Amino acid sequence: MSAANDQQFMGTALGVMGALVVITVLIIAAANVIGGDDSEGLRPGEVEKVQQRIQPLATVATDESQLPQPKAEEAASRGLDLSAAEVYDLACGACHNAGTLNAPKMGDADEWQARLDEKGMDTLVSHAINGFNQMPARGGNSDLSDDNVREAVEYMLEESGV
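In structure tokens form, the structure reads like this:
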């Protein structure tokens, strides 16, 4: 009696699995007929935009030629040639025009002279390059070179009458 039950169970199980396979194939076929090709109906350029959006966020550099250049060198290699006044307007002026967070104001000769006497030019430039207290490094613009920052500090001192 046990062998008959086993045989009946196997027959039923195989029948159910066969039916499920047939149903799955029919559903897939219907989806392909209804849905069609993924690229059909897309406007020109959409496929390229999608490809751009799904690019990997990072890649693995396997030799030195694939490594990114440091920001300051990259700026120099692009020929980013800013005057001291342009660097001031771009990075420094946001705080030094209004004296934000105790930044010495442009034109305040007494404040600038006191800082220059107390710390010296090299320390002022170092603070501008590396950041100090609330002042971000390079005025918040990492593309600026050390020379850009030094010239901007000298410009602020000159414009303030120091």
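For what it's worth, the working numbering labels the leading residue of the sequence shown as 11, then goes sequentially. Idealized CB from N, CA, C, for every residue including glycine. Quick caveat: nothing in here was measured; it's all calculated off a predicted structure.
- Between the C-alpha atoms of GLU168 and SER152 there is a straight-line separation of about 24 Å.
- ASN15 and LEU30 have their C-alpha atoms roughly 22 Å apart.
- Taking the C-beta atoms as reference points, VAL97 is found nearer than 9 Å to ASN158.
- Bridge partners of PHE142 according to DSSP: MET145.
- If you compare the alpha carbons of ALA94, VAL26, GLU121 and GLN144 with that of TYR165, the shortest gap goes to ALA94.
- Judged by beta-carbon spacing, GLY149 lies within the 9 Å limit of ALA101, meaning their Cβ atoms are closer than that value.
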